[in-house]
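Colleague:
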Amino acid sequence: MQILINSEEFLLQKQFENFPSLLNELRTHCSDRDQVITEIQLDEHVFDIDHEGEWPPIQEIKCIQLVTQPYLEVAAAVFLGCAEHIPSMIDGVRESAQHLRQGHQAEAMELLIQVTDLLSEILAGTESALSASGLTWESVSVVLPDKEEPVPGDQISSRFNLLLEEVLQSLETNDLVDLVDILEYDIPPILEAFVKLLEALGEKCHDPEG
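Numbers in my numbering are just positions in the sequence shown, counted from 1, shifted up by 23.
#1: Please report the distance separating the alpha-carbon of Arg50 from that of Val59.
#2: Could you work out which residue in Leu123, Met24 and Val165 is closest to Phe39 when comparing CA atoms only?
#3: Excluding five sequence neighbours on each side, which residues of the same chain lie with their C-beta closer than 6 Å to the C-beta of Leu167?
#4: Just to confirm the assignment, what range does the beta strand (DSSP E) spanning Glu8 have?
#5: Quick check on Lys219: buried or exposed, where buried means 16 or more other Cβ atoms within 10 Å of its Cβ?
#6: Which stretch, first to last residue, makes up the alpha helix (DSSP H) that contains Leu224?
#7: What residue ranges within the segment 126 to 161 form continuous alpha helix (DSSP H) runs of no fewer than 4 residues, ordered along the chain?
#8: Just to confirm the assignment, what range does the beta strand (DSSP E) spanning His74 have?
#9: Give the single residue among His74, Leu123 and Thr149 whose Cα lies nearest to the Cα of His108.
#10: Compute the Euclidean distance between the alpha carbons of Asn197 and Met132, then round it to the nearest angstrom.
#11: Starting from Val163, trace the alpha helix (DSSP H) in both directions and tell me its first and last residue.
#12: Hey, Met112 and Leu142 are a contact pair by Cβ (cut 8 Å); roughly how many whole angstroms apart?
#13: If Leu89 sits next to Ile136, beta carbons under 8 Å apart, how far is it from one beta carbon to the other, in whole angstroms?
#14: Quick one: grab the DSSP three-state call for Gln82.
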């Protein structure tokens, strides 16, 4: 069996009974070098990184080709990718507030569910990127239009979490007046700040010493 990592041959030091155990060994090898596997090809077949189905029997595999990238490079792409999706969330939040003002509660709730689903994906991606990069919310500060001094990232994150709790509380108590105010006046600015925060984290990955 031939193993290529970024087109360079990798020699196994021991035998493995199945491909998952071999893949774990290869992931550890790459991780020790601050690299993450981004592509897996077994012979002519490309597999998803998070493949959950059956792998081919290891005895039938003739060639394993892996592509890796530095952790920081992957994390930067995730941060920036998440930031790109937030403007659509802002539009959804504002539209939800408008529906509520017009008495269209069902339409507003449907939009909020979509926004919440997207938010869950963004937060999951962000947490994964923070873990991979070794960065934290405190690693960066961002300049906001209404502030004279740069705002630490952890303050933005804390404010964001607090507003989410207020939204949930308004939903639980069915306080639609308060909910509209939060959606219309509070959530969009903090989401815009969150975009800047994610972009700053992405830039930090490219220039850790900057």
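Note that CB positions come from ideal geometry on N, CA and C, so glycine has one too.
Treat the numbers as computed from the prediction; the structure is a model and nothing was measured.
Modeller: Put simply:
#1: 7 Å
#2: Met24
#3: Same-chain partners within the cutoff: Val174 and Ala216.
#4: The shown model of the chain, from 24 to 233, leaves out residue 8, and the question about it has no answer.
#5: buried
#6: Ile210 to His229
#7: 128 to 156
#8: First-last for His74: undefined, no H or E at that position.
#9: Thr149
#10: For Asn197 and Met132, the distance between alpha carbons rounds to 12 Å.
#11: First-last for Val163: undefined, no H or E at that position.
#12: 6 Å
#13: About 38 Å separates the CB atoms of Leu89 and Ile136; that is not less than 8 Å, and the two are not in contact.
#14: Assignment of Gln82 by DSSP, reduced to helix, strand and coil, places it in the helix class.
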